[in-house]
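Structure first, commentary second.
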């Protein structure tokens, strides 16, 4: 029934559902006996007040499922025609239309409450971190534990850059440039953060020439602890108290654009010759070397590249929260990121997106359960690992052309 | 000089916790090629079970139900707790590792991490966030040996740890079970063909490792009586690093690396500000691994290692 709805149709449905919620949400919620619009698809409110479960389910069914379903079904043939027409134009145009629609949907959805905005931003950042870790752990097959360290380097690198330049700060003195310039220099700050992280990654990339697997895992783990401890001891950046008052640059469009750039670049990277060389090194290093793959260069590039994106994500993270603290980037973060990568699926851009979005939303949705949440989520992951040891969607290529083509397999973009 | 010896005593005590926990990691790693990331939390569970058993026994003794001297209570606590925690370890193996025997090793590492989180949270849910106090089982006496102050607790901790390590060494070297473990560490694929039940040996490995962690937990409770559900994280990860530093599956290596880590931490805190402890300790480890990537007593990387 829905098999011939193109992605464009689903996006259209989502956009309509969200605008419906925008205009009718409050009155419908009141009519169903809910205090306000269910903030996260009704999960939070259902777990908080079980009495409201029927209302919340009805709300979600009416607003999301019904309108998306009806729109997708009805618009299937025009959407297909539109998608076909778009496909005949340059591909970037079609992609831009899809992304524009997706962004409009997300913007409207998150416009309803500040909680949705922050959840969405953190989810997008989680997508970036998961993808960049998947480059190392999935595509290259190492077990790197250093990603929180890279994130910390990026977060502090970018924060120091922006705070020194644009903020009158207790630690760094008066600003060097007018604060109005901050949004324009923000990409530079993120790139600086990424570079700092990549520089740190040299500490792991170089030992990785000689050793693999378990010992590299320990080296990367030690690296993570060293970074955390080093920042805690650097009084210049606030030490264990953390660094605050970053300029408010990371608004939703910025985070969205960086995430899109990250997905696009990493997807192209892993499908390039260099990306295939990563798989070759993972599967059999000696054979790869015999097939003229420069294993050292490959490893170096993979580590620096993964670390760069983790650093960018860390920079965004610091500017979204406008506060960073070294204890954020510890074992807990490591467990979270590893769980997202292995939940979603190794060696797969799809998998990383699904894993990061799925686990982020799940952990937000189960928040009312408080402590039980940290029993339910690990149990789910253990079961998943037992039944699908490589993750939900492993070893699957992310093909944009197939995705946006008319009459392709359905893909719900909610 | 007196100052040095004083810190040496402290380092010996601190190192024996690391060494006891590292042994459990090292055995599982050497025999099953698994990172048992839940092991630090098994140490925590051991400490809590020890707390429960000790409190129960002390209560029984004070009611006059059984007249036991306190040292006997301590010995009984250690034995009962080691047994109970071994059961926990075997359960963890059965639930989280055995179904993943054929899966990529990284997946098993993830389940281990998750089991660890479940153990921490389960404890928090059962007992609440308040910290519990380990009952005092031996009265502290301080001896002055040429200016160095040594408590009887410290001596007890180091001696019990060394005894357990010796027992483990004898067990692995002299018994049939130990021989099966060594065979499994040597070649995992061929051992079942020789009629060795892998599942039993795997469970036994977890049981022995968890028992040692439980002993470490009780000794820790005796020295530092305040327990909290997250105590396993710090110790677990450091002991894990020590186990790898010692070399794959090497009992001597894990012991030495555990003590070494204790020494580094205590002496760094002695010379530098104590906030630099982790930084310097891990930097030294990084340096050692750069020059000896396979640890003290491990074999170099071979094709057999797959991840």
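Chains as they are written, first to last, in the numbering used here: chain P, 1 to 414; chain A, 1 to 307.
Glycine included, every Cβ here is placed at the ideal spot set by N, Cα and C.
Quick one: is residue 248 of chain P near chain A, going by C-beta distance under 8 Å?
no
4-residue-minimum alpha helix (DSSP H) runs that sit fully inside the stretch 88 to 148 of chain A, ordered along the chain:
105 to 127
Tell me the rounded alpha-carbon separation between residue 133 of chain A and residue 332 of chain P.
26 Å
Suppose the cutoff is 6 Å on Cβ atoms and the five residues either side in sequence are ignored; what does the same chain contact list for residue 293 of chain P look like?
277, 280
Give a yes or no on whether the minimum CB-CB distance between residue 246 of chain A and chain P is below 8 Å.
no
Secondary structure of residue 25 of chain A, DSSP reduced to three states:
helix
Short CB-CB distance (under 8 Å) between residue 422 of chain P and chain A:
This structure cannot speak to residue 422 of chain P, because chain P is shown only from 1 to 414.
Rounded to whole angstroms, what's the CA-CA distance from residue 18 of chain P to residue 238 of chain P? Just pull it up for me.
42 Å
Assuming residue 116 of chain P is part of the alpha helix (DSSP H), what are its boundary residues?
114 to 134
Three-state secondary structure assigned by DSSP to residue 342 of chain P
helix
Within the continuous alpha helix (DSSP H) that includes residue 98 of chain P, where are the two ends?
91 to 111
Measuring only the C-alpha atoms, how far is residue 77 of chain P from residue 4 of chain P?
8 Å
Given a threshold of 16 other Cβ atoms within 10 Å of its Cβ, counted over all protein chains shown, does residue 402 of chain P qualify as buried or as exposed?
exposed
Proximity test, Cβ basis, 8 Å: residue 136 of chain P and chain A:
no
Just grab the DSSP bridge partners of residue 227 of chain A for me.
A/132
Would you say residue 19 of chain A faces chain P, with C-beta separation under 8 Å as the test?
no
Identify, in the order they occur along the chain, each residue of the same chain with its Cβ nearer than 8 Å to the Cβ of residue 255 of chain A, setting aside the five sequence neighbours on each side.
19, 22, 23, 165, 246
Going by DSSP, which residues form a beta bridge with residue 357 of chain P?
Note: residue 357 of chain P sits in no beta bridge, so no partner.
Helix, strand or coil: which one does DSSP assign to residue 323 of chain P?
strand
According to DSSP, is residue 66 of chain A part of a helix, a strand, or is it coil?
coil
Count Cβ pairs between the stretch 131 to 142 of chain P and the stretch 43 to 63 of chain P that sit closer than 8 Å; are there 3 or more?
no
So, with DSSP's three-state summary, where would you put residue 85 of chain A?
helix
Can you list, in chain order, the residues of its chain whose CB lies under 6 Å from that of residue 182 of chain P, leaving out five sequence neighbours each side?
166, 247, 249
Going along chain A in order, which residues have a C-beta closer than 8 Å to the C-beta of residue 342 of chain P?
106, 107, 110
When the Cα of residue 139 of chain A is compared with those of A/225, A/109, A/202, which residue comes out closest?
A/225
Given a cut-off of 8 Å, decide if residue 152 of chain P and residue 38 of chain P are closer than it, judged by their beta-carbon atoms.
no
Quick check: the Cα distance between residue 94 of chain A and residue 204 of chain A, rounded to an integer number of angstroms?
11 Å
Just to confirm, is the Cβ distance from residue 9 of chain P to residue 75 of chain P under 8 Å?
yes
Are the beta-carbon atoms belonging to residue 314 of chain P and residue 150 of chain P less than 8 Å from one another?
yes
Can you list, in chain order, the residues of its chain whose CB lies under 8 Å from that of residue 287 of chain P, leaving out five sequence neighbours each side?
280
Please report the distance separating the alpha-carbon of residue 335 of chain P from that of residue 20 of chain P.
38 Å
Which of helix, strand or coil does DSSP assign to residue 403 of chain P?
helix
Smallest Cα separation from residue 351 of chain P: which of P/376, P/393, P/383, P/372?
P/393
Pick out whichever of A/1, A/12, A/76 has its Cα sitting closest to the Cα of residue 214 of chain A.
A/76
State yes or no: is the C-beta of residue 135 of chain A within less than 8 Å of the C-beta of residue 55 of chain A?
yes
Does any CB atom of chain P fall closer than 8 Å to the CB of residue 2 of chain A?
no
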